[in-house]
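Participant:
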Amino acid sequence: MLGAWGKTGRKRTRLGKWLDKKKITQIQFSKEANIHRHTMSNLCNDDDFMPQQKTRDKVIKHAKKIDPKVREKDLWG
2 MLGAWGKTGR KRTRLGKWLD KKKITQIQFS KEANIHRHTM SNLCNDDDFM
52 PQQKTRDKVI KHAKKIDPKV REKDLWG
């Protein structure tokens, strides 16, 4: 579970770091974007996790609601 933003002691993915910077919890984002919390955890903490394209599309669509200037490369390597 994420404590203070970015203070989990785990390596964060670009998406995880972006959420930390925006002070948005994984739980909040996953509910609003309709992404399962386990999937959201993998997206934020596992650089090797490869989500389905529809999941990536949900993330980008919701991220653009938060920051219209965000680009896919800001959230994934």
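Counted from 1, the sequence shown has number 9 at position 8 by our numbering; the numbering is strictly sequential. For glycine and all other residues, C-beta sits at the position ideal for the given N, C-alpha and C. Small disclaimer: the values here were computed from a predicted structure and weren't measured.
What's the gap between the Cα of W77 and the Cα of L16?
Facilitator: 7 Å
Participant: The alpha helix (DSSP H) that contains G78, what's its start and end?
Facilitator: No alpha helix (DSSP H) holds G78; DSSP gives it neither H nor E.
Participant: Quick one: what does DSSP say F50 is sitting in, helix, strand or coil?
Facilitator: coil
Participant: Quick check: the Cα distance between Q27 and N35, rounded to an integer number of angstroms?
Facilitator: 12 Å
Participant: Assuming I67 and K23 form a contact by the criterion Cβ under 8 Å, report the distance between their Cβ atoms to the nearest whole angstrom.
Facilitator: 6 Å
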